[in-house]
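Q:
4 protein chains.
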Amino acid sequence: MDIHAIQERLREFAAERDWEQFHSPKNLAMALSVEVAELLEHFQWLTEQQSVSPESIDTDEIATEIADTQIYLIMLADKLGVDIEKAVHAKIDTNAKKYPAASG
Amino acid sequence: MDIHAIQERLREFAAERDWEQFHSPKNLAMALSVEVAELLEHFQWLTEQQSVSPESIDTDEIATEIADTQIYLIMLADKLGVDIEKAVHAKIDTNAKKYPAASG
Amino acid sequence: MDIHAIQERLREFAAERDWEQFHSPKNLAMALSVEVAELLEHFQWLTEQQSVSPESIDTDEIATEIADTQIYLIMLADKLGVDIEKAVHAKIDTNAKKYPAASG
Amino acid sequence: MDIHAIQERLREFAAERDWEQFHSPKNLAMALSVEVAELLEHFQWLTEQQSVSPESIDTDEIATEIADTQIYLIMLADKLGVDIEKAVHAKIDTNAKKYPAASG
Numbered sequence: 816m817d818i819h820a821i822q823e824r825l826r827e828f829a830a831e832r833d834w835e836q837f838h839s840p841k842n843l844a845m846a847l848s849v850e851v852a853e854l855l856e857h858f859q860w861l862t863e864q865q866s867v868s869p870e871s872i873d874t875d876e877i878a879t880e881i882a883d884t885q886i887y888l889i890m891l892a893d894k895l896g897v898d899i900e901k902a903v904h905a906k907i908d909t910n911a912k913k914y915p916a917a918s919g
Numbered sequence: 816m817d818i819h820a821i822q823e824r825l826r827e828f829a830a831e832r833d834w835e836q837f838h839s840p841k842n843l844a845m846a847l848s849v850e851v852a853e854l855l856e857h858f859q860w861l862t863e864q865q866s867v868s869p870e871s872i873d874t875d876e877i878a879t880e881i882a883d884t885q886i887y888l889i890m891l892a893d894k895l896g897v898d899i900e901k902a903v904h905a906k907i908d909t910n911a912k913k914y915p916a917a918s919g
Numbered sequence: 816m817d818i819h820a821i822q823e824r825l826r827e828f829a830a831e832r833d834w835e836q837f838h839s840p841k842n843l844a845m846a847l848s849v850e851v852a853e854l855l856e857h858f859q860w861l862t863e864q865q866s867v868s869p870e871s872i873d874t875d876e877i878a879t880e881i882a883d884t885q886i887y888l889i890m891l892a893d894k895l896g897v898d899i900e901k902a903v904h905a906k907i908d909t910n911a912k913k914y915p916a917a918s919g
Numbered sequence: 816m817d818i819h820a821i822q823e824r825l826r827e828f829a830a831e832r833d834w835e836q837f838h839s840p841k842n843l844a845m846a847l848s849v850e851v852a853e854l855l856e857h858f859q860w861l862t863e864q865q866s867v868s869p870e871s872i873d874t875d876e877i878a879t880e881i882a883d884t885q886i887y888l889i890m891l892a893d894k895l896g897v898d899i900e901k902a903v904h905a906k907i908d909t910n911a912k913k914y915p916a917a918s919g
């Protein structure tokens, strides 16, 4: 995923609408939280078995909620100068030390 | 960001610990929601001005929360077969139509 | 607030619709989380000053979201046998010890 | 539950610590959201069956999270002048019309 290209699109999108004024990290974190809840809503009354079944869920709508979540996460990381990919690998490294595999 | 490489690491990580049993989309959406709240917690008592200031926030800790959020989002998309990058661009296209720029 | 009377109404409401099957603590906690996000959504792009202003917020709609949140919180406490009022006073006591007032 | 008595305690608590400055509705809604996620965290990896079992959950800790959630909900309602009990009964009335019971 080309995060820089997405960041470029999102910066331009906000600038053209004069929306940068709303995009403080505090507000972006709130918006991220609201989008994740919309994702959660799809699963709240399903059993775990149903939650993986194409018959019980609307994958297109869920893909849109995943996109909304990803968009705000990228905007937040952009504002704070966080390199998401680097942070992800560092966190997986940390988790690997914290939770050694049984077969170790 | 090489999402496939991250998915590979995360699949292997879960398999080695026998954690796949916990990773239903329902549970992953819950875990995602919990991580986003940990991100939100960093900003809850800050003003918007403070939320962008390196003096008020711990960027390293926030990077770790962003990583946790990204990790669960990638795991959820993986389980559901969602192409995040494609979904993100489709959503920005939709938003561009929904909210036309003032300047046309 | 007569919590027992509300619990009675909610139990009857669920029983008449055969919805108890969906009301595991896990699911109720998810539903609670979704409702709180709907509350959060009202405030996400407002400044703190605007968030207290009757001109910027729709108090009737927010009251409805507060009600939804309270309803799921009562249902969850009911399922788990938690006495909310007692728990609230115990928590304020704990906080008073943890954060002594400056004036002593 | 005597909400007015709790509001009195919470107002006094905040005033003694000079914390009213942080308690905008926007910030209280964020804090509420963070507390609900701490509640959610107890249930994220449990099955629905486990989520109701005293052997799988720590009811005392969950009671404390329920208390935290109730406290911020009361503070938010207090700031906005919302009568929670009245709002709850109005919402149950609305739901009863929206979702008629099968047995009519």
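For the record, the sequence lines run as chains A, B, C and D.
Per my numbering, the first sequence starts with residue 816, numbered consecutively.
Per my numbering, the second sequence starts with residue 816, numbered consecutively.
Per my numbering, the third sequence starts with residue 816, numbered consecutively.
Per my numbering, the fourth sequence starts with residue 816, numbered consecutively.
A virtual CB, placed ideally from N, CA and C, is assigned to each residue, including glycine.
#1: Which same chain residues end up closer than 7 Å to Y887(A) when comparing Cβ atoms and leaving out the 5 residues on each side of it in sequence?
#2: Residues of chain C with CB under 8 Å from F828(A), in chain order?
#3: Identify the contact partners of S848(B) in chain D, using a Cβ-Cβ distance below 8 Å as the criterion.
#4: Looking only at C-alpha atoms, which of T874(D), A905(D), E831(D) and D833(D) sits nearest to I877(C)?
#5: Run the CB neighbour count on Q885(D), radius 10 Å, all protein chains shown included, and call it buried at 16 or more, exposed below.
#6: Just tell me which of F858(B), S839(B) and W834(B) has its CA closest to the CA of L891(A).
#7: By the 10 Å Cβ neighbour count, where 16 or more other Cβ atoms means buried, how is H819(B) classified, buried or exposed?
#8: Looking at T879(D) and T909(C), is the spacing between their C-beta atoms short of 9 Å?
#9: For the stretch 894-902 of chain D against the stretch 859-874 of chain C, are there 3 or more C-beta pairs whose distance is under 8 Å?
#10: Using a C-beta to C-beta distance shorter than 8 Å, which residues of chain D count as neighbours of Q859(B)?
#11: For E831(B), would you say it is in contact with chain D, using Cβ-to-Cβ distances shorter than 9 Å as the test?
#12: Report the CB separation of A917(C) from R824(D) in whole angstroms; it is logged as a contact under 8 Å.
#13: Going by CA-CA distance only, name the one from L854(A), T862(A), H838(A) and Q822(A) that's closest to L861(C).
#14: Give the straight-line distance between the Cα atoms of K841(B) and E863(D), rounded to the nearest whole angstrom.
#15: Mind checking if M890(A) is an interface residue toward chain B, Cβ cutoff 9 Å exclusive?
#16: What three-state label does DSSP hand Y914(B) in the structure shown?
#17: 9 Å is my cut-off, CB to CB: does E870(A) come that close to chain B?
#18: According to DSSP, is T862(B) helix, strand or coil?
#19: Beta-carbon within less than 8 Å of D817(B)'s beta-carbon, same chain only, minus the 5 sequence neighbours each way: which residues are those?
#20: Compare the C-beta of K863(C) with all C-beta atoms of chain B and state if any pair is closer than 9 Å.
#21: Can you tell me the Cα-Cα spacing of A902(A) and W834(A), whole angstroms?
#22: Just to confirm before moving on: does the CB-CB distance between E900(A) and I907(B) stay below 9 Å?
#23: Does K906(A) have its Cβ less than 9 Å from a Cβ in chain B?
#24: With the cut-off set at 9 Å, would you say E853(C) and D883(C) are in Cβ contact?
#25: Give me the Cα-Cα distance between A911(B) and A830(B), rounded to the nearest whole angstrom.
#26: Using only the alpha-carbon positions, how far apart do P915(B) and E856(C) sit?
#27: Residues of chain B with CB under 8 Å from K894(A), in chain order?
#28: For the stretch 836-890 of chain B, which segments carrying the alpha helix (DSSP H) assignment without a break, of at least 4 residues, lie completely within its bounds, in sequence order?
#29: What is the residue span of the alpha helix (DSSP H) that R824(C) lies within?
#30: By Cβ distance below 8 Å, which residues in the same chain neighbour I872(D) in space, the five residues on each side in sequence not counted?
#31: Using a Cβ-Cβ distance cut-off of 9 Å, determine whether E835(D) contacts chain C.
#32: Give the DSSP-derived three-state secondary structure of V903(B) in the structure shown.
A: Walking through what the data contain:
#1: The residue you call residue 887(A) lines up with position 72 of the first sequence. L843, A846, L847 and E850.
#2: Within the first sequence, residue 828(A) is the residue found at index 13, counting from 1. For the C-beta of F828(A), not a single chain C residue is nearer than 8 Å; the gap to the nearest is close to 15 Å.
#3: Numbered from 1 along the second sequence, position 33 holds the residue referred to as residue 848(B). Under the 8 Å cutoff, chain D gives A852 and L855.
#4: Indexing the third sequence from 1 puts residue 877(C) at position 62. Cα-wise, what sits closest to I877(C) is A905(D).
#5: As a working note, residue 885(D) is residue 70 in the fourth sequence. By the neighbour-count rule (16 or more Cβ atoms within 10 Å), Q885(D) is buried.
#6: Start at 1 with the first residue of the first sequence, and residue 891(A) comes out as number 76. If you compare the alpha carbons of F858(B), S839(B) and W834(B) with that of L891(A), the shortest gap goes to F858(B).
#7: Along the second sequence, read from residue 1 onward, the residue named residue 819(B) stands at position 4. With fewer than 16 Cβ atoms within 10 Å of its Cβ, H819(B) is classed as exposed.
#8: Within the third sequence, numbered from 1, the residue matching residue 909(C) stands at position 94. Within the fourth sequence, numbered from 1, the residue matching residue 879(D) stands at position 64. At the C-beta level, T909(C) and T879(D) come within 9 Å of one another.
#9: A contact exists between the stretch 894-902 of chain D and the stretch 859-874 of chain C.
#10: Against the second sequence, residue 859(B) aligns to sequence position 44. For Q859(B), the chain D residues whose C-beta falls within less than 8 Å of its own C-beta are N842, M845, A846 and V849, listed in chain order.
#11: Locating residue 831(B) in the second sequence gives position 16, where the first residue counts as 1. It does not; no Cβ of chain D falls within 9 Å.
#12: In the third sequence, the residue the question calls residue 917(C) occupies position 102. In the fourth sequence, the residue the question calls residue 824(D) occupies position 9. Approximately 18 Å separates the beta-carbon atoms of A917(C) and R824(D); this is outside 8 Å, ruling out the contact.
#13: For the purposes of this step, residue 861(C) is taken as the residue at position 46 of the third sequence. L861(C) has its Cα closest to that of H838(A), out of L854(A), T862(A), H838(A) and Q822(A).
#14: Taking the second sequence and counting its residues from 1, the one referred to as residue 841(B) is at position 26. Taking the fourth sequence and counting its residues from 1, the one referred to as residue 863(D) is at position 48. Looking at the two C-alpha atoms, the distance is approximately 11 Å.
#15: Translated into the one-based positions of the first sequence, residue 890(A) becomes position 75. Not one chain B Cβ lies under 9 Å of M890(A).
#16: As a working note, residue 914(B) is residue 99 in the second sequence. Coil at Y914(B), not helix or strand.
#17: Here residue 870(A) is taken as the residue at index 55 of the first sequence, counted from 1. In terms of beta-carbon proximity, E870(A) stays away from the interface with chain B, with every pair separated by 9 Å or more.
#18: Numbered from its first residue, the second sequence carries residue 862(B) at position 47. In this structure, DSSP gives T862(B) a state outside helix and strand, which the three-state scheme calls coil.
#19: Taking the first residue of the second sequence as position 1, residue 817(B) is located at position 2. Counting only Cβ-Cβ distances below 8 Å, and skipping sequence neighbours, we find nothing.
#20: Within the third sequence, residue 863(C) is the residue found at index 48, counting from 1. The residue asked about is misnamed: residue 863(C) is Glu in this sequence, not Lys. Taking a beta-carbon distance threshold of 9 Å, E863(C) counts as an interface residue toward chain B.
#21: Locating residue 902(A) in the first sequence gives position 87, counting from the first residue. Locating residue 834(A) in the first sequence gives position 19, counting from the first residue. Taking the CA atoms as reference points, A902(A) sits about 27 Å from W834(A).
#22: Position 85 of the first sequence, counting from 1, holds the residue named residue 900(A). Position 92 of the second sequence, counting from 1, holds the residue named residue 907(B). Contact flag unset, no.
#23: Residue numbering aside, residue 906(A) sits at position 91 when the first sequence is read from its first letter. Put simply, the CB of K906(A) is near chain B, with a gap under 9 Å to one of its CB atoms.
#24: Walking along the third sequence from the start, residue 853(C) turns up at place 38. Walking along the third sequence from the start, residue 883(C) turns up at place 68. A distance below 9 Å separates the beta carbons of E853(C) and D883(C).
#25: Position 96 of the second sequence, counting from 1, holds the residue named residue 911(B). Position 15 of the second sequence, counting from 1, holds the residue named residue 830(B). Approximately 41 Å, taken between the alpha carbons.
#26: Within the second sequence, the letter at position 100 stands for residue 915(B). Within the third sequence, the letter at position 41 stands for residue 856(C). Looking at the backbone, the Cα of P915(B) and that of E856(C) are separated by about 22 Å.
#27: By one-based count along the first sequence, residue 894(A) stands at place 79. One finds V867 in chain B with Cβ atoms closer than 8 Å to the Cβ of K894(A), taken in chain order.
#28: Positions of the alpha helix (DSSP H) runs, each at least 4 residues long and wholly inside the stretch 836-890 of chain B, are given as 840-856 and 863-866 in order along the chain.
#29: For the purposes of this step, residue 824(C) is taken as the residue at position 9 of the third sequence. Where R824(C) is concerned, the enclosing alpha helix (DSSP H) starts and stops at I818 to R832.
#30: Taking the fourth sequence and counting its residues from 1, the one referred to as residue 872(D) is at position 57. The answer, listed in chain order, is H857, F858, L861, Q865 and S866.
#31: Reading the fourth sequence from its first residue, position 20 is the one you call residue 835(D). False, the Cβ-Cβ gap to chain C never drops below 9 Å.
#32: Taking the second sequence and counting its residues from 1, one reaches residue 903(B) at position 88. Helix, per DSSP.
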